[in-house]
Structure formats: C-alpha cells, structure tokens
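Read through the structure below, which is laid out as structure tokens, and then see the notes.
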Amino acid sequence: MACLSASTSFLPGKLGFAADKACVANVSLEQKCMYKAEVRSNEQFGLDKWQAKLHACYATAANREMPCTDGKPVSLSPLESQPHSPRYTASSQRDRESLEVRMREVEEENRALRKQLSLAQSRGPSHHRGNHSKTYSMEEGTGDSESLRAGIVAGNSSECGQQPAVEKCETIHVAIVCAGYNASRDVVTLVKSVLFHRRNPLHFHLIADAIAKQILATLFQTWMVPAVRIDFYDADELKSEVSWIPNKHYSGIYGLMKLVLTKTLPSNLERVIVLDTDITFATDIAELWAVFHKFKGQQVLGLVENQSDWYLGNLWKNHRPWPALGRGYNTGVILLLLDKLRKMKWEQMWRLTAERELMSMLSTSLADQDIFNAVIKQNPFLVYQLPCFWNVQLSDHTRSEQCYRDVSDLKLQKQLSELDEDDLCYEFRRERFTVHRTHLYFLHYEYEPASDNTDVTLVAQLSMDRLQMLEAICKHWEGPISLALYLSDAEAQQFLRYAQGSEVLMSRHNVGYHIVYKEGQFYPVNLLRNVAMKHISTPYMFLSDIDFLPMYGLYEYLRKSVIQLDLANTKKALIVPAFETLRYRLSFPKSKAELLSMLDMGTLFTFRYHVWTKGHAPTNFAKWRTATTPYRVEWEADFEPYVVVRKDCPEYDRRFVGFGWNKVAHIMELDAQEYEFTVLPNAYMIHMPHAPSFDITKFRSNKQYRICLKTLKEEFQQDMSRHYGFAALKYLTAENNS
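Note that the sequence shown covers residues 951 to 1688 in the numbering used here.
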C-alpha cells in the first residue's frame, strides 16, 4: 500500500504529520481525530512504537470505505478486490479502475511528501527565536490545510473539532503607544480583555512616556501574570522622528509614532499586532495573529476598512480629507510584517509621501492614519484587508494552555514554601509575601514641588467605605496628597465615576490616586501606606489616616515648621496632635483657642482617650494646651502619633495587616533609628466618626486573630533587637512593664 510505504520514512514530530497527511485524508472522521491526537503526543513514544501505531491505523483504514470519483463507495476488502471473485462484476471492474486511479494519485502525493521529508531531515530541526512565527504551511508539517485554517479563524468547526489557529506556545507580539495617566488607564482595560481570552504567551512592546512607564511597569510587576513579557521604548526619544509633521489630532505627537515602529522595535522582530489604547478584545488575540498567514505577495499591512465617511469627503461642506483608497483604512488595529516593511524601505516610503501631501494638506487631521492611507493610495498592494469585526469603530458618523499554566514567581514560591502551613498564623505570615496588582496614578496627576524644598505631601490609605472623606480632606489640605486605595476591579470603576462626578476632586490635579487591587483575606494597611509613601514628589510627608481632617492652614504651617526645625538636616518626626469627635456634624475649630474650648465643653476629646490612652499619651496634651514653641517627647510603649518626616524615612512593616500594631511598629523603628519626636504647638487634626471597620471587628471577636497579632509583635521586636542591637532591648523591657 502506498500509505504504508510513506510511513517507512516517518519520523516523530510535525514533519511526519505532514508526510502522511495524504494517507490520513482517506481515513474515517473518527480515525482522523484519533490520528491527530496521537500526532500531538508522539514525542511520548519511540520511533518504533510510533510507526507501529501508524501501521495499525493504516491497516484499519484498509478495511474502511473510501470515496471514489463517481461518488459511490469503493470497498477496500481484499476479497472484493480480486478479479476472479464470484462477486466480481462489471460494476466492480469500474470500481477497481477508479480505485487504481486514486491509488496512483496517492502514491504521487506520497512521493512528493517523502521528498519534502528528506529535504527537511537534511536541513535539521527548525529553531524559532524571537518572533519567528510558524507559517502553518504543508512544508512545515502542521497537516492543516488553508481551508481548514480559514474555518478556524472564522469560527467554523472543522471535521475534527476546532483546533487552535496558532501553536499554543507561540508568543504573540503586541505594540501599543501610550502616554499619560488616562491612556495608561485605558491600556489596563485593553490588556485585561486580551488576557481574558488569550491562550498564548504574550509580549507587549510599549512605546511610553515617563509617566506611562512608571505606572505600567509597576502594574505589570505587581500583577505577575504568567507568560507575559513587557518591554518599554522611550517615546520621548522618538519625538524627533515625527515632530516635523504638523498634526491637529488630539493624540498629538504620540499619535504619529506608529509610523516609526520598524525602526523602534527590535530588528529580529518579524511581525507585530499594533493596537490603539481604546481597543477592547472580545476573542482570543491568537485568531488575529493567525491572519498573518493569509498575507500574500507584497501584503505587509493588515487593516480594517474605515467605517465612517471621513475619507469620502462628504461629512460637511468643503471637507477635504487626505487621499485614501475608497473609504480608507482605520489604524486602530494594524498587523505589521516588520521584516518585509524594512526590506521595502518603509521609512523612506512614508516620509516621502508625507512630505509630498503636506505641501497641500498643511497638517494631518487623523495623525498616523492619514499618512498610512496616503501611502496605501499609491501602493494598494501593501494591504491585506481585515474583516470589519476586528476593528468595530464605535464613534459618531459610523456605520496558553499548559505551556504557561505552570509559570509562577519562583521567588514567591520559595518564600511561601518556607512557611509552615500547620502554623495557626500561616495566613498572617503569607500575607507579607502576597503581591498585589498596583495601578499608580489612576487619575491625572500634575504637580510641581515648590522651589524652596519645603513642600509636604499628605499620605493616607483607604478602602471604598471611606470614599466620602476625600472631598472634605481636599477642602482642608490644599497641598499635594498621595492616596493608596484598596479596591476590587469593579470598585475601581465605581471610584472613577465618583471622582469624575465630583467638582472638588476634578479641580485638584495634585492628588495621586494609586489603586492596589484586592487579593487575600486581610486588609494590607502597611503595604498601602508604603505604596502611597513611595510615590510622592515632595521632600517631606505627613503620615496621616483618611478618617482625620487636618486643621485649616496645616499645610502652610508644616512648611514653615520644616524650615524652623531644620528638618532637612536633622532626624526629626514632627508630631501633629490628634483629637476626635463623636459627632457626625461638627463645627470644625478654626484655631487652637476654639479647639481648647471644645475640649473643655466635651465636644472634642484627645484621640482614643476612652479606649487606647497609651497610643497618644506621650504627646503630653496637658503641656500642649499652653505650649507656644515645639517641645520634645520621648518614645513610650504603644506610642502611635501622626508625624511629619522626610521622604527617606523607613517603610512600614508589612507583616502587620488589618487592625493592630501597624503604626506602633513604624514609630518604634523611627525611635530605633534615633528620630527625635517633636510636638508642634499650633497644629492639630481631628478624627471623624464612622462605622467600625471589618478588621477591628474581627480583632475584637476573634481570639486567634489577637493571638497571632501578639506573636507577630514579639517576632518584630526580636527582629528589631537583631537589627539595632543592644539599644533595641528597651522595647522588650517597655512592653513587659506596660
């Protein structure tokens, strides 16, 4: 049999799959599926076992029916194929002749395939690096015909069920130009939609300005998505390449940077999908990547036809768009064959076209899209037109499977493996190593620190239930603010709508909102504080909490105090005395004298006077009542004041989550580093009442929670003794005596 002769030169792997495709094409549907399943797992078998399986497959096929040229079934039974059989008839003779014709065709196909196989063997195995993608041709041995691939891309089922259009471990490359806060937020939505459907490893190439790079680098680093690689390219370095082009589009100079991707992206990158930041995917991006295999001849650009009448020039009177082919093409989604574009001297091509058209058009209206269309108008052969569903334009005037499943952060896994899962406090301990996805500067941020280096940023953290405090704080504190918000993805969108609907918040550009996305069962209060602390743009910071309102004018008062107390050259922590009210409606005191009067009347109290006196007692409120100059106080056990410090102060200890000991540990470390605690005589802040947090309720009701907090506290003190030596022993002594 011809099929058996083909199998004698069969090698395990994809080349063998192609070599015997002609035989398999004549096997039943069930056998095809079994055969393809075996091919996908052939590396588990030795050559002999694999060939034996193929021989068995073909032997079975010999007893199945195969179609003949006239549409009648032709039996392959040995008895019926003998001319002297009693059942041999004229009809059988015709069947035999048609079978012989088919067999000769199969032998010819097998000879051609064996020749391809021998050539492939002489070349050796194919190694793919970077973006050297498979072309899925018969020569490369996928065994999938062009028509089958087309069916997959279009969403139709093939004979053996839907097969992936792209190999599951093939990396898909995506390029995005992104600049600023709002675009960074849009990119997150885009990336989420891609990740939701994807099966393949992804490599994002982000052409970003400094703001977007800071935001997205932190986000992806803390997101830790498996099989995703990120590379950044400095957009500012590319400005000179396109700054000579006048552009009226709102995207500005960044809207032209897709023109220079052939120069910007690595020279060994062969193909890339280019996306606008406002794109959302509703399917696996691999299906779009597979469209590259449909490019023919000199086609190097994959684009969707423009769905508006813009390039037809009939939107309004005297509307004069750039030249385009018909309706033109939209550049929100582009497939670029970079290697061919470079060979065609793409840089020279688009530059000459732009220079020529700008002589009459004077500027672009749609940024890079105008220039792409002008080039295509002159060279229509460059375009492969994508189906419109790849870029549905919703605007006015329009009509990984196993290869990445097991990827993980090895460092994190090592840290977690060192923890004892039988430890009753295991969940507390593992929280210290949990990485939270973090989106810096969720809203637009714009602030230049004062030139006198006295500026102070208010630092705080919050969750959704404290959102109502934001407007009041903004009214009390006119200086910069850095906030870490602990939110779910849905809550982040609610916050966005809340902020955009607030005149107070939208009028303030010096507030940095950093989203830390929810992960785990504890509120990571100290992680949030650290995130807010790390991203301030001033030399000093006021470490506060979101449920405190600072006194009016505190910002300017602190800036003056920074100079008077020489905070730049001394290790001081300036204490802002804390008070509280039990009234939801309070006539906020406008001076220290008014505050003292309210204290005497019982409208205000020193903070936590009723439940936790030790937390603020060392502030010495009795002395503060009459003080007119700053005075120094000593650290005592459980002291947790709100302080102003330099931005280089130590971070909060992440082992403390939820309620309890989170600020106490930080103040203890400041003392260990010999910070001097100085109380400001004319500063104050007032805690506003609110419902108790979930964490404090858990602390009060859960005995194990309190036991674990005590254990973590003792371990922290031991770490302090090891790190700071003999001087830190006082913390153990103070605790025992308290």
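Where is the CB? At the ideal position from N, CA and C, for every residue including glycine.
Just so it is clear, the structure is predicted and the values come from calculations on it, not from any experiment.
Exercise for review: Flag this pair as yes or no: are the beta carbons of His-1386 and Thr-1172 separated by less than 8 Å?
Suggested key: Yes. Within cutoff.
Review point. Three-state secondary structure (DSSP) at Pro-1017?
Key: Any reading at Pro-1017 is ruled out, since the residue's pLDDT is 38, under 50, leaving its predicted position unreliable.
Point to revise | Identity of the residue in Pro-1430, His-1459, Leu-1420 nearest Phe-1445 by Cα | key: Per the Cα distances, Leu-1420.
Check your understanding: With Val-1475 and Val-1607 assumed to form a contact (beta carbons below 8 Å), what rounded beta-carbon distance in angstroms separates them?
Key -> About 6 Å; that satisfies the 8 Å criterion.
Practice item. Please go through the same chain and pick out, in chain order, the residues whose beta-carbon is closer than 7 Å to the beta-carbon of Glu-1297, but skip the five residues on each side of it. Key: Setting aside the 5 residues that flank it on each side, Glu-1297 is surrounded in the same chain by Thr-1212, Lys-1213, each with a C-beta closer than 7 Å to its C-beta; the list follows chain order.
Check your understanding: In this structure, does DSSP put Gln-1668 in helix, strand or coil?
Key -> Gln-1668 carries a helical assignment under DSSP once its states are collapsed to helix, strand and coil.
Check your understanding: Nearest-angstrom Cα distance between Gly-1276 and Cys-1338?
Key -> The alpha-carbon of Gly-1276 is positioned some 15 Å away from that of Cys-1338.
Check your understanding: Which residue's Cα is closest to the Cα of Leu-1336: Val-1144, Gln-1450, Phe-1245, Glu-1396?
Key -> Selected option, being the one with the closest Cα: Phe-1245.
Check your understanding: How should Ala-1177 be labelled, buried or exposed, when 16 other C-beta atoms within 10 angstroms of its C-beta is the threshold for buried?
Key -> With 16 or more other Cβ atoms inside 10 Å of its own Cβ, Ala-1177 counts as buried.
Check your understanding: Can you name the residues that DSSP bridges to Ala-1528?
Key -> The partner list for Ala-1528 (beta bridge, DSSP) reads Met-1635.
Practice item. Have a look at Gly-1252, Tyr-1279, Gln-1328 and flag the residue whose alpha-carbon is nearest the alpha-carbon of Trp-1300. Key: From the listed residues Gly-1252, Tyr-1279, Gln-1328, the smallest Cα separation to Trp-1300 is found for Gln-1328.
**Study point:** Three-state secondary structure assigned by DSSP to Pro-1691
**Key:** Residue 1691 is absent from the structure shown; the chain starts at 951 and stops at 1688.
**Study point:** Sequence-distant residues of the same chain with beta carbon closer than 7 Å to Ile-1321, five excluded per side
**Key:** Around Ile-1321, the same chain offers Leu-1209, Trp-1300, Thr-1303, Ala-1304, Thr-1314 as residues with beta carbons nearer than 7 Å, after the five sequence neighbours per side are excluded.
Review point. Are three or more beta carbon pairs between the stretch 1666-1678 and the stretch 1560-1568 nearer than 8 Å?
Key: With the rule of 3 Cβ pairs closer than 8 Å, the stretch 1666-1678 does not count as touching the stretch 1560-1568.
Check your understanding: What did DSSP end up calling Pro-1330 once you bin it into helix, strand or coil?
Key -> DSSP places Pro-1330 in helix when its eight states are reduced to three.
**Study point:** Proximity below 8 Å, CB of Tyr-1334 to CB of Gly-1278
**Key:** Against a cut-off of 8 Å, the Cβ pair of Gly-1278 and Tyr-1334 comes out as no contact.
**Study point:** Other residues of its chain near Leu-1533: CB distance less than 8 Å, five sequence neighbours each side excluded
**Key:** The sequence given here places Arg at residue 1533; Leu does not occur at that position. The answer, listed in chain order, is Thr-1553, Pro-1639.
Review point. Roughly how many whole angstroms lie between the Cα atoms of Ala-1449 and Phe-1392?
Key: Rounded to whole angstroms, Ala-1449 to Phe-1392 spans 11 Å at the Cα level.
Review point. Which residue comes first and which comes last in the beta strand (DSSP E) that contains His-1123?
Key: Start and end: 1122-1128.
Check your understanding: Under the three-state reduction of DSSP, which class applies to Val-1475: helix, strand or coil?
Key -> Val-1475 sits in a helix when the DSSP states are folded into three classes.
**Study point:** Contacting residues, own chain, Cβ-Cβ under 8 Å from Met-1456 (five flanking each side not counted)
**Key:** Closer than 8 Å at Cβ, skipping near neighbours: Ala-1449, Gln-1450.
Check your understanding: Any C-beta of chain D sitting closer than 8 Å to the C-beta of Ser-1193?
Key -> Chain labels in this structure do not include chain D; a single protein chain is all it has.
Review point. Between the C-alpha atoms of Asp-1289 and Leu-1219, what's the straight-line distance to the nearest angstrom?
Key: For Asp-1289 and Leu-1219, the distance between alpha carbons rounds to 7 Å.
**Study point:** Distance, Thr-1139 Cα to Ala-1147 Cα
**Key:** One point to set straight first is that residue 1147 is His, not Ala, in the sequence displayed. Approximately 13 Å between the Cα atoms of the pair.
Practice item. Look at the Cβ atom of Ala-1232, then the Cβ atom of Ile-1122, and state whether they are nearer than 8 Å. Key: Taking 8 Å as the Cβ cut-off, Ala-1232 and Ile-1122 do not qualify as a contacting pair.
Exercise for review: Excluding the 5 residues preceding and the 5 following Asp-1356 in the sequence, name in chain order all residues of the same chain whose CB lies nearer than 6 Å to its CB.
Suggested key: Because the pLDDT of Asp-1356 is 41, which lies under 50, any placement of that residue in the model is unreliable, and the number read from its coordinates should be weighed accordingly. In its chain, beyond the 5 residues on either side, no residue has a beta carbon closer than 6 Å to the beta carbon of Asp-1356.
**Study point:** Segments of 3+ residues assigned as beta strand (DSSP E) that fall wholly inside the stretch 1144-1189
**Key:** The stretch 1144-1189 contains these whole beta strand (DSSP E) runs: 1152-1158, 1178-1184.
Exercise for review: Have a look at Asp-1226 and Ile-1161 and give me their C-alpha separation to the nearest angstrom.
Suggested key: For Asp-1226 and Ile-1161, the distance between alpha carbons rounds to 18 Å.
Review point. Once you ignore the five residues that flank Pro-1017 on each side, which residues in its own chain have a CB closer than 6 Å to its CB?
Key: Below a pLDDT of 50, predicted positions are generally treated as unreliable, and Pro-1017, at 38, falls in that range; the measurement from the model is reported next regardless. Cβ neighbours of Pro-1017 beyond the five flanking positions: none.
Point to revise | Bridge-paired residues (DSSP) for Arg-1582 | key: DSSP lists Thr-1628 as partners of Arg-1582.
Review point. Between Ala-1317 and Gly-1205, is the Cβ-Cβ spacing less than 8 Å?
Key: Between Ala-1317 and Gly-1205, the CB-CB gap stays under 8 Å.
Review point. Taking all protein chains shown into account, do 16 or more other C-beta atoms lie within 10 angstroms of the C-beta of Arg-1479, making it buried, or fewer, making it exposed?
Key: When all chains shown are included, Arg-1479 counts as buried.
**Study point:** Supposed close pair Thr-1628, Ile-1525 - CB separation, criterion 8 Å
**Key:** A Cβ-Cβ distance of about 7 Å is found for the pair Thr-1628 and Ile-1525, placing them in contact under the 8 Å criterion.
Check your understanding: Quick one, are the C-beta atoms of Glu-1307 and Pro-1273 less than 8 Å apart?
Key -> Yes, Cβ-Cβ distance for Glu-1307 and Pro-1273 is below 8 Å.
Practice item. Identify which residue in Asp-1598, Ile-1657, Pro-1568 has its Cα closest to the Cα of Tyr-1376. Key: Measuring from the Cα of Tyr-1376, the nearest candidate turns out to be Ile-1657.
Review point. Are there 16 or more other CB atoms within 10 angstroms of the CB of Phe-1676, so buried, or fewer, so exposed?
Key: Residue environment analysis places Phe-1676 among the exposed positions, since fewer than 16 neighbouring C-beta atoms fall within 10 angstroms of its C-beta.
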